[in-house]
Structures are given as C-alpha cells and as structure tokens.
Amino acid sequence: MQAAATNASQKERKLTLPDGKALTFATPVTGYDVAKSIGEGLAKAALAAKLNGEVIDLHRPLFADGALEIVTRKSADALDIIRHDAAHVMAEAVQELFPGTQVTIGPSIENGFYYDFGRDTPFTTDDLAKIEAKMKEIVARNESFTREEWPRDEAIQHFEGIGERYKAEIIRDLPATETISVYKQGKWYDLCRGPHLPATGAVGTAFKLMKVAGAYWRGDSKNAMLQRIYGTAWRDQKELDAHLHMLEEAEKRDHRKIGREMDLFHMQEEATGSVFWHDKGYTIWRALENFIRGRIHRAGYQEVKTPQLFDSSLFKASGHWDLYGDNMFKVEAKADEKVFGVKPMNCPAHVQIFNQGLKSYRDLPIRMAEFGCCHRNEPSGAMHGIMRVRQFTQDDAHIFCRADQVEQEALDYFKLQLGVYRDLGFDKINVKLALRPGPNVRLGSDEVWDRAEDGLRNSLRAAGLDFEELPGEGAFYGPKVEFHLTDAIGRTWQCGTLQLDFNLPERLDASYIGEDSHRHRPVMLHRAILGSMERFIGILIEHHAGKFPLWLAPVQVVVATITSDADDYAKDVQKQLEKAGIRVKTDLRNEKINYKIREHSLVKAPQIWVLGKREAEEGKVAIRRLGSDAQEVLALADAIRKITEDSAVPQ
RNA sequence: GCCGACGUAGCACAGCGGUAGUGCAGCGGUUUUGUAAACCGAAGGUCGGGAGUUCAAUCCUCUCCGUCGGCACCA
412 MQAAATNASQ
422 KERKLTLPDG
432 KALTFATPVT
442 GYDVAKSIGE
452 GLAKAALAAK
462 LNGEVIDLHR
472 PLFADGALEI
482 VTRKSADALD
492 IIRHDAAHVM
502 AEAVQELFPG
512 TQVTIGPSIE
522 NGFYYDFGRD
532 TPFTTDDLAK
542 IEAKMKEIVA
552 RNESFTREEW
562 PRDEAIQHFE
572 GIGERYKAEI
582 IRDLPATETI
592 SVYKQGKWYD
602 LCRGPHLPAT
612 GAVGTAFKLM
622 KVAGAYWRGD
632 SKNAMLQRIY
642 GTAWRDQKEL
652 DAHLHMLEEA
662 EKRDHRKIGR
672 EMDLFHMQEE
682 ATGSVFWHDK
692 GYTIWRALEN
702 FIRGRIHRAG
712 YQEVKTPQLF
722 DSSLFKASGH
732 WDLYGDNMFK
742 VEAKADEKVF
752 GVKPMNCPAH
762 VQIFNQGLKS
772 YRDLPIRMAE
782 FGCCHRNEPS
792 GAMHGIMRVR
802 QFTQDDAHIF
812 CRADQVEQEA
822 LDYFKLQLGV
832 YRDLGFDKIN
842 VKLALRPGPN
852 VRLGSDEVWD
862 RAEDGLRNSL
872 RAAGLDFEEL
882 PGEGAFYGPK
892 VEFHLTDAIG
902 RTWQCGTLQL
912 DFNLPERLDA
922 SYIGEDSHRH
932 RPVMLHRAIL
942 GSMERFIGIL
952 IEHHAGKFPL
962 WLAPVQVVVA
972 TITSDADDYA
982 KDVQKQLEKA
992 GIRVKTDLRN
1002 EKINYKIREH
1012 SLVKAPQIWV
1022 LGKREAEEGK
1032 VAIRRLGSDA
1042 QEVLALADAI
1052 RKITEDSAVP
1062 Q
C-alpha cells in the first residue's frame, strides 16, 4: 500500500504480462484498459486485475509497475472474489429486507462465505429463502461496485451516525496507516478493503444460503452474539451442484449413522459424552489398539497402566487443578473425606512411575506408553458424536529424555507416526508447529525455547515434512507439533501431537542422575499418535465409509448358505476360519441368498462366502467381495490361505 | 457455556388442540431358495421429562434433559 502510494504519480506504467510480454501505458491505466488493449473478449471476461500478486479491482488505477495478470472467471483467484462479493450482496439483501440490521464482517471462506449481522431477532430458515431471492434480484440489477477512500474520522462519524456501531468500531481499531475504503454497489455501501468484481452481475447465481448460526463478535465469548448466515458460492451451476452432491455423500458416511447401521456403538442420555462400544465396534477398537501396541513395542516403548482417581494434591502440584479444575470431574466419596480428581490426562501419573527409584542418565530415554482412559467435562456444546466426548482413551506416551536426545526422539516419533497414518490409509496430513506464546504466559528462558523450537523444526525437516508455523500457539510449557487429518466432510481433526515440556518434570520433581553424579531434570515429550481412540475410530468410519480394510473389519467373512443342504459344510468352514484366526459369522437362516447378500452387504461385510449344494459337494467356496458382484470360486484351503494373507495386520 | 433448530414404535419418517399413522426391522406361519428385499398374519407407542393454559394437549406456553448445525472451548 505504501509502496503503491509513492509511485502512483508516475507518468508511465511499465507492465509485464504472464506470457512475458512487456507493455507501457500512460497513467492512469486500469486493469480493464490493459485487458481491452489485448482484446475485447478479454475485457469482457475480465473480473479483476492481479498486480504483483495482489488482486485489485478491475477499474482501479494500477498503482505500481510490475507483473500484471487479468483475472477471469477461469482463474483460481476468481472464486475468492465471487464469494466475498456474494457476502456483500447478501448483506445488501438483508438490509433491504430487514432494516435496522447492523452489518459487521463477511469474508469468503472455504467453499463459500458468511456474513455476521447485529440483530436482536435471529433469522429463520424461511428468511434464508427470502434473502436468497433478494440476492438474485441484486445480481440481476448488476449494480457496479465502486471504490471510495474516506477520511478516517469522517468514516467513523458516518457509520456511527447511521447506527452501524460495529463498523465504526472496526475503523477505530484499524491502524492509523490503513486506508479507509468503502465500496458502493447501487445505493448500498460497506466498509471494505476489497477487491471486488466490476458489478454484482458477475457474482452469478451459483450460490445457496446454507444455514444460520450464532457467532460471537470478534470471536470472543465475552462479546455479543451475532447472527451469522453461511452460504456456498461457485463459478457456475455445475460446480455448485457438485459441491451439494459432495455434501450429500459426506452425510451418508457420518460416523453416527454408520455406527448405528453397523451396530458398532451407541450413546445415551444417562451417559452423555461416553460411548457404549458394542461387540463389533469394540472389535475394531481392539484391532486398532493391538496394531498400535505392536508398533510402539517395536519402537522401544514400555506399556503401563495407571489409576483413574487421584488425590487432588497431585493435580494441584501439576498445575492442572488451577488451570482446568472447572473441566475436571471431582469425586468426594464420603462427606468430610478428601477430594479426588478423575484424571483428565495421564502425564502426572507417568511421572509417578518415573519417580519410582533413582534414574540414571544411562536409563534415558524412557518411553512410557499407556492406552489411558481420561475424563474431561467438556462444555455441552463441544460434544460431537464419538469425535469429541467426555470419556476418551488416549494412545498416550511420555518420553523422558535428556535435552540432547530431544531431536532424535522427535525424529523417530515422526517416522513412527507417519508410518501408522500411511498404514491406516491417510496420506494427506497437515503438520503444524505451534511456537512459544507471549512472554508473560510462558515458562522458561528464551534460550530454552530457542533450543526446543529449533529441535522440533530440525526433526520435522529431517523427517521430510512440510509444516506451517503457528506463532504464539504453543502451550505455556513448550512448543508442540500438531498432526491434522481431514475427514469426509472436510472438517479437520487434530490427531497426533508431540509436545515438549520443561515444566512438569520441575513441578512434579522428576530427576535423573547425570554423568556428573548430580541430579538433573529430564525433558518430557508428550505424544499421541491417534490422539483419542474414540475420535480416531470415528474418523476411520468416515474415511472408509464403514468399508474397513480387512484387517480392521469387525466381521471379516460371512458364511451364507443357499439351502439347508449346505449347513454342515458351512459349520465346518466356520470352524476352519476360526482356527485360522479369521472373524467369521455364519448365516444359516431360512432366507433366500439374495436376501442374505443384501443384508450383509448393507452392514459392510467385506466378504461373503456363499455355500450351496455344489460347493458342499466339491469342497469349495464362492467368494463375493464388498463392492463387486463378481464371484471367485476357490477350494476351501486356498480360500483360507488367501484371506489369512489378505487380512494380515500391516507390518 | 452461547445462538438457532429438533426430540413421535428398534430404525427412517408423517401427523398437529378431540389421547396416533406409513415403510423397513422384530414376532408367528408358509416357502429350501444360486449372488443386493419371497408371501401371509398378528402385534408393537403414558408422542424426551416436568409444570402451566384449556372442557380437552403429541400439538400452545414455560422449564429441564438430550441431539443436531454453528460460535466459544479443547491441558
């Protein structure tokens, strides 16, 4: 912005197009002028200009020399502007329909946009239809977007004068150097940084208002609650339809729906936030747990089991009682007896095991793992199926090590973690490195933080991981690496984590004897691969839409007979499969084979072995795999050999 | 916790001031069947809990609980 202002007065504009062609124009010149000089078609298609990487209004004078690109509907940048403009069109529609509603902010977001309105009465779903219709009118009116720059004080006065308190507040909080720009579309206008399309017609009609929701002003729960309307917007109807279709498909794989259909688990009012795992769901649980168990034992971890209830003194010492006491379950067994806390995490318990006996530097690192059941009294609104619950089991571990071992331990852990994700079918993982929070809320010296952050950074690079750094997002006791997975509906879930902690060993007085025969504090690495068993199984359900890989499937084979002639043979097949360690169910019911196939396919049995008179006589099985209607007829021994191979746990 | 919507049979849903219906599942019977729904029959519900308004409440009002969509939170 500042650089732009300094050379805005130049007489000539030297521009380079994406194809490398250099052009010179007399000032003032706009993106539209340049497009027109190239061709009428381009000028017609042009939506905005991109000057040195910054998208600006098509009709705004180009304020600097450099690279120029004309943004059309085909450009990747177009979607963002369309969505942002859709938000403006929605705000205009709302203020036209509901006078007195205050505007606040309305950004473009993934897949669409939202706008937050200040208003006493919330919008109804009927209102959405009206607003959408009004938006289409505004698009049809094709009102031109025009940019104006206003003096700051006038802008504040103006918005306050018309009762737009939120807008006035926004301007007041803008840095003094920021230009105050206002965009007009027809009679309506809004404080906005831009850029915008040439006119509302360019928004098109490939948008749809999706839902109303409450949202706090400036994202702070201490502030007033605004009325947010979410919409989705696309470049054309085809894209919109595809998006809506994707949402429908995503809904079909909702873990709550599949969990019921496949009889995996349920939840009920008497135990809000806790899961009842049914036989089939708990089978998946055990398969997953044993898979992780195999991996961590090979990686040199020990496995422990620690108590659920602790005297409150332990959590007071660890600091959790003060910080998170409100979200802990507290137990008073008898009046006048001491108060217990149900553990909300396993770390203090693991330190207690570490503290048993004297540790030498030669003992380190100690990698202590636990499938630890924890309870947190999460806010009622936070609960979500089995993804966010009040009782959950972490695949937790704490690595006690020397400072000079941190980097190698972190690197080993990343490899372990990525291997697990790969074997579970996840390739796209977003890695984030949360760095030190503000100086008044963090513990430890800058040198310690430097070393900790550099250590994690180096380990991430050594593991070949791309990562995003999040300044200020670390825990008070140390930086953390977060691993985020994306579910079927596009929501992201933080699963794995590695956190460096210099604090807890100090508070709980953990120490080891160093080479110098003096006591030293170990560094503690907190880490979880899956995060929570509950959440991860939920993610797996949605990721696979219930069609689990064979090694995880709760029932791996259903043996289904065609007539009762095959019953004895079916029982024999079942026995042999069980002997081979395959999870098998047999269906001898007096039903048609069509009926059986349908029923077992609907609950996602990976394989159905169909047995009729023919198979019984020949000692064969007809295998039908989920998702295909092809049959493979094999001799029983071959079939068992094959499924044993195919259902092997990934090594 | 906050804003909004919702809660009717095991599941999916309809009904909406005069004490409830459909489909599937379940149950009983008939059917022995070759790769995604055989046929017949009977049954199943204090309409989430509590209070209020009314001659009368599943329906209206209040309140509590829970679920869902967001927001905030997530050691």
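412 is the number of the first residue of the first sequence in the numbering used here; add one for each residue after it. C-beta: ideal position from N, C-alpha, C; glycine also.
Could you check whether the segment 522–539 touches the segment 637–656, counting it as contact only if at least three pairs of C-beta atoms, one from each stretch, sit closer than 8 Å? yes
Top-ranked residue by Cα proximity to A1016, from E1029, L1022, K1024, R1036: R1036
Measure the C-alpha to C-alpha separation of V762 and L941 and round it to an integer number of angstroms. 22 Å
Excluding the 5 residues flanking R558 on each side, which residues of the same chain have their C-beta closer than 7 Å to its C-beta? D468, R471, S592, Y594, G605
Helix, strand or coil: how does DSSP classify Y1084 here? Beyond the ends of the chain as shown, which are 412 and 1062, falls residue 1084; an answer cannot be given.
Span of the beta strand (DSSP E), counted from its first residue to its last, around K541: Segment 536–552 is the alpha helix (DSSP H) holding K541; no beta strand (DSSP E) there.
Taking the alpha helix (DSSP H) that F386 falls in, what are its first and last residues? Nothing can be reported for residue 386, as the shown portion of the chain is limited to 412 through 1062.
Assumed close pair L919, A728 - CB separation to whole angstroms, cut-off 8 Å: 6 Å
Endpoints, the beta strand (DSSP E) within which E880 is located: If you look at E880, you'll find it in the beta strand (DSSP E) that goes 878–881.
How is R740 classed by DSSP in three states: helix, strand or coil? Residue 740 is actually Phe in this sequence, not Arg. Coil at F740, not helix or strand.
Spatial neighbours of W688 within its chain, please: CB distance less than 8 Å, with the 5 preceding and 5 following residues excluded, ordered by chain position. L675, F676, W696
Over the uninterrupted alpha helix (DSSP H) stretch that includes C758, give me the two end residues. 758–765
Taking the alpha-carbon positions, what's the I1004 to P1061 distance? 33 Å
Helix, strand or coil for A863, going by three-state DSSP, please let me know. Residue state, collapsed to three classes: helix.
Residue nearest to L725 in terms of C-alpha spacing, selected from T441, V750, K891: V750
So, is Y1006 buried or exposed, given that buried needs 16 or more other C-beta atoms within 10 angstroms? exposed
Buried or exposed by the 16-neighbour rule on C-beta atoms within 10 Å, applied to I1063: Residue numbering for the chain in the displayed model covers 412 to 1062; residue 1063 lies beyond these limits and cannot be assessed.
Relative to the C-alpha of E543, which candidate in I1008, T643, P882 has its C-alpha closest? T643
Terminal residues of the continuous beta strand (DSSP E) containing G529? 523–529
Cutting at 7 Å between CB atoms, please list the residues of its own chain near L620, excluding the five before and the five after it. L539, I542, E543, I640, G642
Distance, Cα to Cα, F959 vs D444? 57 Å
In the DSSP output, which residue or residues are listed as bridge partners for S771? I924
For the ligand GTP, is there any heavy atom lying closer than 7 Å to the beta carbon of H761? Among the components modelled here there is no ligand, and therefore nothing to report on the ligand GTP.
Can you tell me where the alpha helix (DSSP H) holding E1043 begins and where it ends? In the DSSP assignment, E1043 falls outside any alpha helix (DSSP H) and within the unbroken beta strand (DSSP E) covering 1042–1046.
Could you say if the segment 773–792 and the segment 859–866 meet the contact criterion of at least three C-beta pairs nearer than 8 Å? no
Nearest-angstrom Cα separation, counted from I582 out to F782: 51 Å
Got a sec, what are the start and stop residues for the alpha helix (DSSP H) V968 sits in? From DSSP, V968 is part of no alpha helix (DSSP H) but of the beta strand (DSSP E) over 968–972.
Please report the straight-line C-alpha distance between E554 and M546, rounded to a whole angstrom. 12 Å
With DSSP run on the structure shown, which of helix, strand or coil describes T532? coil
Output the boundary residues of the alpha helix (DSSP H) element that contains F726. 723–729
What are the start and end residues of the beta strand (DSSP E) that includes Q1018? 1018–1022
Please name the residue in L473, S943, V550 whose C-alpha comes closest to that of T804. S943
Taking the alpha-carbon of K691 as reference, which of A653, V966, A874, D488 has the nearest alpha-carbon? V966
Rounded C-alpha distance that separates P933 from F811: Rounded to the nearest angstrom, the two C-alpha atoms are 6 Å apart.
Beta strand (DSSP E) segment containing N841, residue limits: 841–845
Which of the three DSSP states is assigned to T441 in this structure? strand
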